[in-house]
Amino acid sequence: EAQVTQNPRYLITVTGKKLTVTCSQNMNHEYMSWYRQDPGLGLRQIYYSMNVEVTDKGDVPEGYKVSRKEKRNFPLILESPSPNQTSLYFCASSGALNTEAFFGQGTRLTVV
Amino acid sequence: GENVEQHPSTLSVQEGDSAVIKCTYSDSASNYFPWYKQELGKRPQLIIDIRSNVGEKKDQRIAVTLNKTAKHFSLHITETQPEDSAVYFCAASGHDMRFGAGTRLTVKP
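Going down the list, the protein sequences come from chains A and B.
Residue numbers 1 to 112, in the numbering used here, belong to the letters of the first sequence in order.
Residue numbers 1001 to 1109, in the numbering used here, belong to the letters of the second sequence in order.
In structure tokens form, the structure reads like this:
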């Protein structure tokens, strides 16, 4: 089954404790991206990747890192999480830039 | 970069009525305009999309119109049903994809 898989689905952590949210797709898609969803603000892009070893900042990259060492994986790294990073995070992939984006199940992160 | 504005933020209609959601975008290089539906607690899923070389596209009760000159596009849902209740996001994609802030649609039985 074609899918985008994120883990974990829920995470509660403390300020400053490094964490990684994983994202994997099995559709051989080149384009992957991370979004955060906050009430009233919609989906804001954090980082995106056009292909392996190619990443670029979105609208809200501060406090986040990403890597794209393999085509199927695009992890989101929070080196030192802060409470303002409490949000619902979605990973998405698409075959090319201007085509349908397939979203993961979402990761609800709470930083206390 | 691209800026997408979406209106209204909330919309309530009676079952059977039509619903219209409007979006504007800023980057003339954008050429792909998808609409996503997000049901409560679920991931966004594509419901319809349109490319810049087309002015209108229809799929059963859902239609999207695009005015490239004015840089705006709209989602039209006819004969609304309670299961249409969700948050709807428009997006514009050119150099990258940007989403609107979303519209929470409630269809009252």
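Glycine included, each C-beta is placed from N, C-alpha and C at the ideal position.
It should be emphasised that the depicted structure is a prediction, and the values quoted were computed from it without experimental measurement.
Of the listed residues the options, nearest to residue i (C-alpha basis)
i, options, result
"A/F201", "A/V21, A/E79, A/T15 and A/K69", "Only positions 1 to 112 of chain A appear in the structure, and residue 201 of chain A is not among them; the question remains open."
"B/T1024", "B/V1004, B/E1015, B/S1009 and B/Q1038", "B/V1004"
"B/D1049", "B/W1035, B/R1061, B/E1039 and B/K1042", "B/W1035"
"B/N1067", "B/D1096, B/K1058, B/V1054 and B/I1077", "B/V1054"
"B/P1008", "B/E1015, B/G1001 and B/A1019", "B/A1019"
"A/R36", "A/M50, A/A96 and A/L76", "A/L76"
"B/R1051", "B/R1043, B/S1074 and B/P1082", "B/S1074"
"B/E1002", "B/S1028, B/S1012 and B/T1069", "B/S1028"
"B/L1046", "B/V1087, B/D1096 and B/H1095", "B/V1087"
"B/N1031", "A/Q105, A/N98 and A/H29", "A/N98"
Short Cβ contact (7 Å threshold) for residue i with residue j
i, j, result
"A/Y47", "A/T55", "yes"
"A/P83", "A/V111", "yes"
"A/A92", "A/F103", "yes"
"A/T88", "A/R108", "Inspection of the sequence shows that residue 88 of chain A is occupied by Leu rather than by Thr. Taking 7 Å as the Cβ cut-off, A/L88 and A/R108 qualify as a contacting pair."
Collapsed DSSP secondary structure at residue i in the structure displayed
i, result
"B/P1034", "strand"
"B/D1017", "coil"
"A/N84", "helix"
"B/D1084", "helix"
"A/Y64", "coil"
"A/V54", "strand"
"A/V111", "strand"
"A/D59", "coil"
Legend entry - Where the segment 35-48 of chain A meets chain B: residues whose CB sits under 8 Å from a CB there: Of all residues in the segment 35-48 of chain A, Y35, G40, L41, G42, L43, R44, Q45 and Y48 have a Cβ within less than 8 Å of some Cβ in chain B.
Legend entry - Residues of the segment 1035-1068 of chain B with Cβ closer than 9 Å to any Cβ of chain A, in chain order: Cβ contacts with chain A come from Y1036, Q1038, G1041, K1042, R1043, P1044, Q1045, L1046, D1049 and R1051.
Inset, instruction - Check each residue of the segment 93-104 of chain A: if its Cβ is closer than 7 Å to any Cβ of chain B, include it; give the result in chain order. - result: Those residues of the segment 93-104 of chain A that come within reach of chain B (Cβ to Cβ, closer than 7 Å) are L97, N98, E100, A101, F103 and G104.
Legend entry - Members of the segment 79-92 of chain A near chain B, C-beta cut-off 9 Å: For the segment 79-92 of chain A, the set of positions with a beta-carbon nearer than 9 Å to some beta-carbon of chain B reads F90 and A92 in chain order.
Inset, instruction - Give the residues from the segment 1012-1038 of chain B that approach chain A closer than 9 Å (Cβ to any Cβ), ordered along the chain. - result: Residues passing the 9 Å Cβ filter: S1030, N1031, Y1032, P1034, Y1036 and Q1038.
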